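Below is one structure; the comments refer to it alone.
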Amino acid sequence: MGKYLLRRVLQMIPVVIGTTLLIYALVFALPGDPVKAMFGDKPVNEAVAAQIRSEYNLDKPFIVQYLLFLKNALTLDFGKTFSGQQVIDVIGRAFPVTIKLALMAFVFEAIFGVIFGIISGLKKGKWYDTVILIVSLLLISVPTFVTGFVMQFVFGVKWHILPVTAGTNPGFLDLLMPAMVLGSVSMAYIIRLTRSEIASNMNEDYVRTARAKGMTNNAVTMRHILRNSMIPVVTYLGTDIGALMGGAMISERIFNIQGVGNTLYQGILRGEGTLVVSIVTILVLIFVICNLVVDLLYAVLDPRIRYA
Amino acid sequence: MSEQMKPEQEGNISRDASSGAAEDFVITPFPGQERFVAPLDETPLKEVDTVDEDEPATSMWADAWRTLRKNPLFIISGLLIIFILVVAIFPQLFTKLDPNYCTLESSLNPGSSGHPLGFDQQGCDIYSRVIYGTRTSVSVGILTTLIATLFGGVIGAVAGYYGRWVDALLSRITDIFFAIPLLLGAIVVLQMFRTSSSIWKVVLVLALFGWVSVARITRGSVMETKNLEFNTASTALGSSPMRNLFRHVVPNSLAPVIVIATTSLGAYIVSEATLSFLGIGLPSTVVSWGGDISTAQVLLRVHPEVLFYPSLALAITVLAFIMMGDAVKDALDPKSRTA
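Listed in order, the protein sequences are those of chains F and S. Residue numbering for the first sequence follows full-length UniProt numbering, beginning at 1 and increasing consecutively. Residue numbering for the second sequence follows full-length UniProt numbering, beginning at 1 and increasing consecutively.
Structure follows, in structure tokens:
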């Protein structure tokens with residue numbers, strides 16, 4: 001296990017370097033001169049422009065810029081945004097909000113996805129199974145932003161149950177609706193996954209054996225069917241944490257939450273390369289670490305899998 | 001691998017020198033081992049191995065097709081998809097109106113004769129825009145799926161089949177792209193091509209980040225298939241690795257790839273709409289559901305119907321493709337079938 005862990009961590013390094021290089025290349029290949037853009041309508045003062053270029057390392061060749069970025073990133077020094085703020089401060093403000101949002105979405109999708117999935121899978125063919133299945137299909141087919149608008153309109157504007165927008169420093173209630181919107185599609189996928197896993201495990205030989213031994217129905221369900229069905233669900237949930245952080249952009253834009261997604265989106269629009277690369281690097285790191293944890297969890301959950 | 005490549009080590013197969021006929025093989029067992037093959041005249045081959053040649057051959061595909069035909073999910077989604085394709089190819093059959101003919105004086109007018117769904121803020125006919133938007137969404141979905149599946153399929157097949165350093169290299173490249181969420185990567189890249197205005201840029205960008213999942217699944221499927229007996233047998237008969245890959249491994253690993261391709265088609269359509277919603281997908285000159293939903297969002301509180309119709313069309317289309325994916329999965333993956 002220790003050896004496996006070490007190998008996986010070592011394998012992570014080229015992936016993180018490759019991904020950041022790819023993103024860095026994409027961002028800094030953006031057309032347009034960001035320094036010129038900073039001057040707006042005013043004529044460009046060449047001396048000032050040159051000073052800004054050297055301050056942001058924009059005058060150096062691409063690969064040198066990238067290596068400098070990597071070196072500084074290791075010490076959490078991500079440089080400054082064009083408005084002079086430290087990138088790390090901007091990230092420090094945005095991340096807690098998004099982490100809160102993503103965790104709420106995660107809890108929401110995990111609880112409701114698994115519960116509805118189990119109900120639906122165990123009682124296949126009943127009317128409520130059909131209802132759950134149709135609702136989950138609808139949640140997948142309707143884009144998140146439409147779900148978001150409709151919920152915002154119905155619960156926020158019409159019925160005044162929940163706040164319409166979150167604004168700065170959002171609390172639990174402010175984030176409730178955005179979190180539900182963010183987690184809705186994943187919840188639908190978890191329902192479908194749980195349902196199909198239960199359905200296929202019910203036909204397994206070990207379930208038949210357990211029943212033949214005279215085990216009660218409840219014991220068979222709890223110990224054999226559910227336990228085996230949860231392995232892929234846990235995997236999905238694990239990889240979803242990272243995906244939720246990255247996917248928060250839509251929800252944050254609809255409900256005006258000043259989180260990572262919104263900051264990143266504005267950064268891209270303004271051509272703030274440093275900010276974009278820094279945020280994406282952190283998101284990628286979170287995503288890669290989540291995947292690693294899930295792989296390790298596999299061995300704990302499923303004794304059949306043992307790592308060499 | 002190397003052990004499987006040399007089946008002749010298992011027993012000595014040599015040509016019978018005395019008979020001279022090419023078909024005659026004599027199996028000499030290992031020294032000291034008893035002879036285990038009965039002489040041919042004791043059990044005539046024909047009586048043991050009779051094959052009913054009149055019965056139609058059942059391949060996995062024929063079997064899957066038989067299951068599919070009986071599945072109501074497949075029939076409903078199939079009919080829906082055919083209808084959607086007809087609308088996408090011949091929009092003029094369904095409306096005589098030009099989706100880009102907009103007069104401000106009819107802005108937000110309710111439905112009237114000839115304009116069943118009314119007008120949007122710019123005074124364009126909503127029905128006609130919904131009909132013409134079909135082509136955009138469907139072509140983005142189909143083209144992206146084709147490119148992502150072909151590219152991801154080839155990468156995954158090569159990685160899974162050749163193994164070793166080829167696999168290590170291709171898998172790391174796959175990991176790099178896998179670590180970037182589809183939407184995030186698409187936004188960064190699309191920002192670069194803001195000026196270009198065709199659906200191809202959206203297609204290529206979605207495919208650029210979409211091929212990864214296909215590659216991973218193909219790789220796993222190929223690795224499973226390449227160790228099966230028929231492949232070893234083919235190698236023993238002298239087939240080249242390339243021939244093996246295309247004749248035996250690829251056809252037998254296709255099922256999971258087809259399943260993910262069908263399912264992700266709907267997801268690509270949603271992604272296109274989301275990008276257009278963020279304002280960096282398709283240009284506003286292209287009639288698309290995502291773009292129309294995006295422009296209608298400001299009207300949600302006063303005229304929700306303007307937002308409703310393109311959303312409905314989008315949802316029905318995605319639903320049809322997802323249901324089709326479910327049906328195909330049921331047919332190709334016997335394990336997920338329930339008795």
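All residues carry an ideal CB built from backbone N, CA and C; glycine is no exception. This structure is a prediction, so every number in the text was calculated from the model and none was measured.
In this structure F/Val-294 is in contact with F/Gly-238, their Cβ atoms being roughly 3 Å apart against a cut-off of 8 Å.
By the rule that beta-carbons nearer than 8 Å mark a contact, S/Asp-175 touches chain F. The bridge partners DSSP lists for F/Ile-132 come to none. Residue F/Ile-250 holds the alpha-carbon nearest to the alpha-carbon of F/Ser-184 among F/Val-220, F/Gly-261, F/Arg-7 and F/Ile-250. Of all residues in the stretch 162-192 of chain S, only Arg-172, Asp-175, Ile-176, Ala-179, Ile-180, Pro-181, Leu-183, Leu-184, Ile-187, Val-188, Val-189, Gln-191 and Met-192 place a beta-carbon less than 7 Å from a beta-carbon of chain F. Taken through DSSP and simplified to helix, strand or coil, F/Asp-77 comes out as coil. For S/Tyr-132, the closest alpha carbon among the candidates S/Tyr-101, S/Pro-181 and S/Leu-80 is that of S/Tyr-101.
Excluding its 5 nearest sequence neighbours in each direction, F/Thr-235 has C-beta neighbours in its own chain below 6 Å: Val-294, listed in chain order. For a cut-off of 8 Å, the C-beta gap from F/Ser-120 to F/Asp-129 is around 5 Å, short enough to register as a contact. Only residues of its own chain outside the window of five on either side were considered, and among them Gly-117, Ser-120 and Gly-121 have a CB closer than 7 Å to the CB of F/Arg-195, listed in chain order. Using a Cβ-Cβ cut-off of 8 Å, S/Arg-129 does not count as an interface residue toward chain F, since no Cβ of chain F sits closer than that to its own.
Counted as a single uninterrupted DSSP element, the alpha helix (DSSP H) harbouring S/Asn-244 occupies residues 241-244. Contact check for F/Phe-145 against F/Ile-268 fails: the beta carbons are separated by 8 Å or more. Looking at the backbone, the Cα of S/Val-214 and that of S/Ile-147 are separated by about 11 Å. Shortest Cα-Cα distance from S/Phe-119 to any of S/Thr-136, S/Pro-99, S/Leu-314 and S/Leu-208 involves S/Pro-99.
Non-local C-beta neighbours of F/Tyr-24 in its own chain, meaning closer than 6 Å and more than five positions away in sequence, comprise Tyr-66 and Val-277, ordered along the chain. A distance below 7 Å between beta-carbons, with the five flanking residues on each side excluded, links F/Ala-105 to the following residues of its chain, in chain order: Ala-179, Leu-182, Gly-183 and Leu-244.
In this structure, DSSP gives S/Gln-92 a helical state, which the three-state scheme calls helix.
In the three-state reduction of the DSSP assignment, F/Phe-108 falls in the helix class, which pools H, G and I.
Residue-level contact by beta carbon holds for S/Leu-319 and chain F, with a gap shorter than 8 Å. Under the DSSP assignment, S/Phe-119 falls outside any alpha helix (DSSP H); it carries neither an H nor an E label. Residues of chain F whose Cβ lies closer than 8 Å to the Cβ of S/Phe-277 are, in chain order, Pro-143, Phe-145 and Ile-250.
With a 10 Å radius around the Cβ and a threshold of 16 neighbouring Cβ atoms, S/Lys-70 comes out exposed. For the stretch 62-87 of chain S, no residue has a beta-carbon sitting nearer than 8 Å to a beta-carbon of chain F. For F/Asn-228, the uninterrupted alpha helix (DSSP H) segment begins and ends at 227-254. DSSP places F/Gly-259 in the coil class of the three-state scheme, outside both helix and strand. At a cut-off of 4 residues, the continuous stretches assigned as alpha helix (DSSP H) that sit fully inside the stretch 141-222 of chain S are 164-178 and 182-192. Measuring C-alpha to C-alpha distances from F/Val-300 to each of F/Leu-275, F/Arg-227 and F/Ile-282 identifies F/Arg-227 as the nearest.
The C-beta distance from F/Ala-73 to F/Thr-263 rounds to 17 Å, too long to fall under 8 Å, and the pair is not in contact.
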